[in-house]
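Chemist:
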Amino acid sequence: MASDELKLLGTWTSPFALRVQLALSFKGLSYENVEEDLKNKSELLLTNNPAHKKVPVLIHNGKPVSESQIIVQYIDEAFSGTGPTLLPTDPYERAIARFWAAYVDDKLLASWLQSFRGKREEEKAEGLKQTLVAVEHMEGAFKDCSKGKPFFGGDSVGYLDITVGCLISWAHAGEKLYGFKIFDADRSPLLNAWMERFGALDAAKKVLPDADKLVEYAKMRQAEAAASASNN
Amino acid sequence: MAAKEYLKLLGIDVSPFAIGVHMALVMKGVNYEYIAEDLSNKSELLVSSNPVHKNVPVLIHSGNPICESLVIVQYVDEFFTGAGVPSILPADPYERAIARFWAAYVDDKFFPAMAGIVLVPTEQKRVQKVKETSAAIELLEEAFTVCSKGKAFFSGDSIGYVDLALGSLLIWIETIRRMCGLEIISASKTPRLAAWAERFGETAAAKKVVPEADQALQYGKKLQAAVSAAATSKSK
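The listed protein sequences correspond, in order, to chains A and B. For the first sequence, position 134 matches number 134 in the UniProt record's numbering, and the numbering has no gaps at all. For the second sequence, position 47 matches number 47 in the UniProt record's numbering, and the numbering has no gaps at all.
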């Protein structure tokens, strides 16, 4: 039986690449981690994700899979005999997990990014408003999915824990940079507790980047943006 | 004794997302009740079944609501299985990943670009949307060659996941042609997709579900009028 070769093209700051690393870590799979320079994309990245030219890309025995949520589902299905099963087995629970996973990227993450990246103050304010709505929905989702247990997946980590879990380091970094805690204890006590719990797991600690390093990185990017703006 | 399975689909006739779900249910041969919503006056059932987005389509199965068209199609595929029941997604994990990738591409890149052609308020933005749509359909033309492997549909001999995702937009591709003369799929620029589109339209599921393009045209004109009105009142 041929051994599986797994290569992950990503960047240490990308929550989407982290999402895949979390899945690989929780499944107990070995892989080669390739750090891309997005200002100088490798031939490997460009040929393996020609449609989007983005990270992450998982290359399994030479065959590429792109888009983080699709990659995580692929890992779960291709390695169904290895480690825990990430997606629920019941079709209805799977549909609920997929619904909320789509919501995380389309609504929660999108509005959160707008709240600090928006070009005008009113854009940022709108982003913040939408983020608060999204967090409220996610808190409800956690309550419904966990049914009183510690994770979205129940007793153990599942698809949705990994989908949301990749935001944790940036959640901590965001608090230090902007004073805004996305999963605040008052607004979202369940998610607040879940975040600490998830972050303490060995499989998560293995791959979660250091929040302070993300803060340094963000400050460096802000300085670069300011410098190029004043040069124009 | 188990409760009788009861399926209700909330949608609107011209919604490509509802059309995709409709077709999936027809392909599976299951019985369901279709409820046409009025989006300007949403029903209590719709709002309570999809409190997060308050939008169509929603599939309600024995009282349990499922939302988001691609999530619903995967649910229908996974729940309704058995001898003689066609599969919508392939069995192989890698082929599933490829199918999911292209369906997501249709939803996240192609559809917003194409919808933008009639919905954006300025000519400059419209030109940008036309460019994006062109680039996207070119990529999909290539994807068709790779996925179909010489067969009739993205999925092979019969329609599958990507066919549903792109095929349910054909009525709007035709509507855009009628509204502004732009041919997104054409025999000259995208010959394979043009041939595929004809074959898609001839399938039993498409013939049963897809409404006349005229219906979409009326709806499209209303949407465009609303966008112009909003743009005009903004500039006052």
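The beta carbon of each residue, even a glycine, is placed where N, CA and C say it ideally should be.
Looking only at DSSP bridge pairs, what is residue 63(A) linked to?
Modeler: Within the DSSP secondary-structure output, residue 63(A) pairs in a beta bridge with 60(A).
Chemist: May I ask you to list the residues that DSSP assigns as paired with residue 64(B)?
Modeler: 61(B)
Chemist: Are any of the Cβ atoms in chain B nearer than 7 Å to that of residue 102(A)?
Modeler: yes
Chemist: Tell me, please, whether the CB atom of residue 15(A) is closer than 7 Å to any CB atom in chain B?
Modeler: no
Chemist: At a Cβ threshold of 7 Å, is residue 152(A) touching chain B?
Modeler: no
Chemist: Which residues bound the beta strand (DSSP E) around residue 35(B)?
Modeler: 33 to 36
Chemist: Using DSSP with H/G/I as helix, E/B as strand and the rest coil, what is residue 48(A)?
Modeler: In the three-state reduction of the DSSP assignment, residue 48(A) falls in the helix class.
Chemist: Judging by CA-CA distance, which residue of 127(A), 123(A), 180(A), 9(A) is the nearest neighbour of residue 106(A)?
Modeler: 127(A)
Chemist: Considering only C-alpha positions, which residue in the set 163(B), 162(B), 116(B) is nearest to residue 180(B)?
Modeler: Closest in alpha carbon position to residue 180(B), among 163(B), 162(B), 116(B), is 116(B).
Chemist: Determine, using beta-carbon pairs with one atom in the stretch 137 to 152 of chain B and one in the stretch 72 to 86 of chain B, whether at least three such pairs fall under 8 Å.
Modeler: no
Chemist: In the stretch 40 to 61 of chain A, which residues sit with their C-beta less than 8 Å from some C-beta in chain B, listed in chain order?
Modeler: 51, 60
Chemist: Touch check for the stretch 103 to 115 of chain B and the stretch 43 to 63 of chain B: three-plus C-beta pairs under 8 Å?
Modeler: no
Chemist: Exposed or buried, residue 27(A), counting other C-beta atoms within 10 Å across all chains shown (16 or more means buried)?
Modeler: buried
Chemist: Nearest chain B C-beta to residue 116(A) closer than 7 Å, yes or no?
Modeler: When Cβ-Cβ separations below 7 Å define contact, residue 116(A) makes no contact with chain B.
Chemist: Since residue 63(A) contacts residue 161(B) with CB under 8 Å, what's their CB separation in whole angstroms?
Modeler: The pair is not a contact, with the Cβ atoms about 19 Å apart (cut-off 8 Å).
Chemist: By DSSP's criteria, residue 35(A) is part of a beta bridge. Which residues make up the other side?
Modeler: 10(A)
Chemist: Can you give me the C-alpha to C-alpha distance between residue 183(B) and residue 197(B), rounded to a whole angstrom?
Modeler: 13 Å
Chemist: Using 7 Å as the threshold, is the C-beta distance between residue 199(B) and residue 165(B) below it?
Modeler: no
Chemist: Kindly list, in the order they appear in chain B, the residues whose Cβ is closer than 8 Å to that of residue 94(A).
Modeler: 74, 75, 78
Chemist: Terminal residues of the continuous beta strand (DSSP E) containing residue 8(B)?
Modeler: 7 to 11
Chemist: For a cutoff of 7 Å on Cβ pairs, would you count residue 26(A) as touching chain B?
Modeler: no
Chemist: Note down, in chain order, every chain A residue with its Cβ under 7 Å from the Cβ of residue 105(B).
Modeler: 51
Chemist: Looking at C-alpha atoms only, which residue of 35(A), 14(A), 13(A) is the closest neighbour of residue 7(A)?
Modeler: 35(A)
Chemist: Grab the span of the alpha helix (DSSP H) containing residue 174(A) for me, first residue to last.
Modeler: 168 to 178 is the extent of the alpha helix (DSSP H) around residue 174(A).
Chemist: Considering just the uninterrupted stretch of the alpha helix (DSSP H) at residue 111(B), what are its terminal residues?
Modeler: Start and end: 111 to 119.
Chemist: With 16 as the cutoff for other CB atoms within 10 Å, does residue 37(B) come out buried or exposed?
Modeler: Residue 37(B) should be labelled buried.
Chemist: Any beta-carbon of chain A closer than 7 Å to the one on residue 90(B)?
Modeler: no
Chemist: Say whether chain A places a C-beta atom closer than 7 Å to the C-beta of residue 162(B).
Modeler: no
Chemist: Taking CB distances under 7 Å as the criterion, tell me whether residue 20(A) reaches chain B.
Modeler: no
Chemist: Three or more C-beta pairs under 8 Å: does that hold for the stretch 18 to 27 of chain A against the stretch 70 to 79 of chain A?
Modeler: yes
Chemist: For residue 1(A), count the other beta carbons within 10 Å of its own beta carbon; 16 or more makes it buried, fewer makes it exposed. Which is it?
Modeler: Confidence is the limiting factor: at residue 1(A) the pLDDT is only 41, short of 50, which leaves the residue's position unreliable and the question unanswerable from this model.
Chemist: Determine the chain A residues that contact residue 96(B) at a beta-carbon separation under 7 Å, and present them in chain order.
Modeler: 77
Chemist: Taking the alpha-carbon positions, what's the residue 45(A) to residue 65(A) distance?
Modeler: 11 Å
Chemist: What residues of chain A sit near residue 101(B), judged by a beta carbon separation below 7 Å?
Modeler: 66, 67, 70
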